[in-house]
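Here's the structure we're looking at; comments come further down.
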Amino acid sequence: MLFRKEIEHKKLFKLALSAFVLAIFVIVLGAFTRLVDAGLGCPDWPGCYGHLLWPNEAHEVAAAEAKFPDAPVEHDKTWPEVVHRYFAGTLGLFILSIVIISIRERKAKLAQSIQKIPLRLPLFLLALVILQAAFGMWTVTLKLWPKVVTAHLLGGFATLTFLWLLVQRLGGYRWQLTASQLNGLQAVKPWLIIGLIVVICQIALGGWVSSNYAALACPDVPQCLNQWLPPADFKTGFNVWQDIGPNYLGGQLDNHARTAIHLTHRIGAIVVLVSLLILGIKLLRLKVADISRWAYALWGVLFLQLLLGVSNIIFALPLWIAVGHNAVGAVLLITIISIIYRAYTAIASSSEIGSS
4 MLFRKEIEHK
14 KLFKLALSAF
24 VLAIFVIVLG
34 AFTRLVDAGL
44 GCPDWPGCYG
54 HLLWPNEAHE
64 VAAAEAKFPD
74 APVEHDKTWP
84 EVVHRYFAGT
94 LGLFILSIVI
104 ISIRERKAKL
114 AQSIQKIPLR
124 LPLFLLALVI
134 LQAAFGMWTV
144 TLKLWPKVVT
154 AHLLGGFATL
164 TFLWLLVQRL
174 GGYRWQLTAS
184 QLNGLQAVKP
194 WLIIGLIVVI
204 CQIALGGWVS
214 SNYAALACPD
224 VPQCLNQWLP
234 PADFKTGFNV
244 WQDIGPNYLG
254 GQLDNHARTA
264 IHLTHRIGAI
274 VVLVSLLILG
284 IKLLRLKVAD
294 ISRWAYALWG
304 VLFLQLLLGV
314 SNIIFALPLW
324 IAVGHNAVGA
334 VLLITIISII
344 YRAYTAIASS
354 SEIGSS
């Protein structure tokens, strides 16, 4: 069963939950910005053509294009980039507020429980969001260098994950299990870690697919280019030491390299499918109602993600399906993180504690 003690730090909990929801919007906006090729909608940082928003009036556009002759103003690309930046900046302010409140309440020492407020996790989140800001800047200044774009995406998912962990910790969410159930859960923990690793690797591969514009390298399914093993250049496709300098908008790799990236992502999807199916079965075998619900939720999100991935190929990467694929990938990560957190913080049921 789920054991949840009364929330002791309601203000901090609500702030962390709000930051988590905002982080979801930031990830979705980031995916949208990337998919509409607006990553260089503003050629400078942190402003946009030197503006807080973007040049709008005719004389502003003329001045901006004179200052950045290689980057003509395209309003359908400037606004997604600016909106994404402001949402990300607001998220940074939320996390800074969490750190400040955590420090103040720990110093206040109004009650013994106050000292239990987590501080290392908020401080880590603050460092992470500062690093994310740097990656956002480098994404622009290095002209969508695939390694930076992928790192920026992973940083966003990491921020979302650690915010969720903070919400779980402040909310006191735990499983309360019998001794035999705890022993059974202990045997499942290695599979939980395997599941987490393969999901993270698949997200990284998805970022590499996106940053190298390889999503449509294989326009058919289940085959690729009407072949089970089409020509693919894995060495070039996974060369993470690509030169800095070219404009990577639209990608720089040839078709064989992009095919290699796409194929690897498909293989990764199969590995994730098998791993999470096995994990779900092992969770169901524990015969604990709340754990079973999480197992079914994991499978539900997994199959939705696979459906969106296949739909991207069949329908040639429609914008909202592609954005949804990114968002559901985040949900899949959060789902397995939730299970892991509960598994590693599970406690013995009160009846067993009393009888021991």
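Heads up, this note's numbering is the position in the sequence shown plus 3, with the first residue counted as 1. All C-beta atoms in this analysis are idealised placements derived from N, C-alpha and C, irrespective of residue type, glycine included.
In the three-state reduction of the DSSP assignment, His-12 falls in the coil class. Here Ala-351 is bridged, per DSSP, to Leu-180. Our two residues, Leu-276 and Trp-297, have alpha carbons roughly 16 Å apart in a direct line. DSSP links Cys-227 through a beta bridge to Gln-230. Here DSSP, grouped into helix, strand and coil, assigns Cys-45 to coil. Contact between the stretch 245-264 and the stretch 212-228 is present, with at least three C-beta pairs closer than 8 Å.
In the three-state scheme derived from DSSP, where H, G and I count as helix and E and B as strand, Cys-204 is classed as helix. For Arg-109, the enclosing alpha helix (DSSP H) begins and ends at 78-111.
Arg-123 sits exposed, since fewer than 16 C-beta atoms from the chains shown fall within 10 Å of its C-beta.
Classified as buried, Gln-179 has 16 or more neighbouring CB atoms from the shown chains inside 10 Å of its CB. Rounded to whole angstroms, the separation of the alpha carbons of Pro-149 and Leu-157 is 12 Å. Pairing Glu-84 with Gly-44 gives a Cβ-Cβ distance under 8 Å. Per DSSP, the continuous alpha helix (DSSP H) segment holding Arg-269 begins and ends at 258-287. The alpha-carbon of Ile-281 is positioned some 53 Å away from that of Gly-53.
For Pro-125, the enclosing alpha helix (DSSP H) has its first and last residue at 123-144.
Closest in alpha carbon position to Ala-300, among Asn-258, Ile-206, Leu-286, is Leu-286.
In this structure Val-331 touches Val-304 by the C-beta definition: roughly 6 Å separates them, less than 8 Å.
In the DSSP assignment, Lys-70 falls within the unbroken alpha helix (DSSP H) covering 61-70.
Exclusion of the five residues before and after Phe-97 leaves Leu-18, Ser-21, Ala-22, Leu-25 as the residues of its chain whose Cβ lies within less than 8 Å of its Cβ. At a Cβ-Cβ threshold of 8 Å, Leu-307 and Ala-272 do not count as neighbours. As DSSP reads the structure, His-328 sits in no beta bridge.
Here Ile-197 has Ser-278, Leu-282 as same chain residues with Cβ atoms under 8 Å from its own Cβ, once five neighbours each way along the sequence are excluded.
The residues Ile-120, Leu-122, Pro-125, in chain order, have a CB closer than 6 Å to that of Ser-105 in the same chain once the five nearest residues on each side in sequence are set aside.
For the alpha helix (DSSP H) assignment, the uninterrupted runs of no fewer than 4 residues enclosed by the stretch 290-342 are, from N- to C-terminal side, 292-317. Closest in alpha carbon position to Ala-74, among Gly-92, Pro-46, Ala-65, is Pro-46. Shortest Cα-Cα distance from Val-274 to any of Val-201, Leu-232, Asn-329, Thr-338 involves Val-201. Note on geometry: alpha-carbon atoms of Leu-320 and Ser-341 lie some 30 Å from one another. Under the Cβ criterion (8 Å, minimum of three pairs), the stretch 134-143 counts as touching the stretch 86-95. By the criterion of a C-beta distance shorter than 7 Å, Ser-352 is surrounded in its chain by Gln-179, Leu-180, Thr-181, once the five residues flanking it on both sides are discounted. Around the beta carbon of Cys-221, 16 or more other beta carbons sit within 10 angstroms, so the residue counts as buried. Residue pairing by DSSP puts Cys-51 in a beta bridge opposite His-54.
Pairing Tyr-89 with Arg-345 gives a Cβ-Cβ distance that is not under 8 Å.
Cβ neighbours of Gln-184 within its own chain (closer than 7 Å, five residues either side excluded): Leu-289, Val-291. Using a Cβ distance threshold of 8 Å, Thr-239 and Ala-260 count as a contacting pair. Judged by their CB atoms, Thr-164 and Ile-337 are nearer to each other than the 8 Å cut-off. In this chain, the alpha helix (DSSP H) harbouring Gly-240 covers 237-240.
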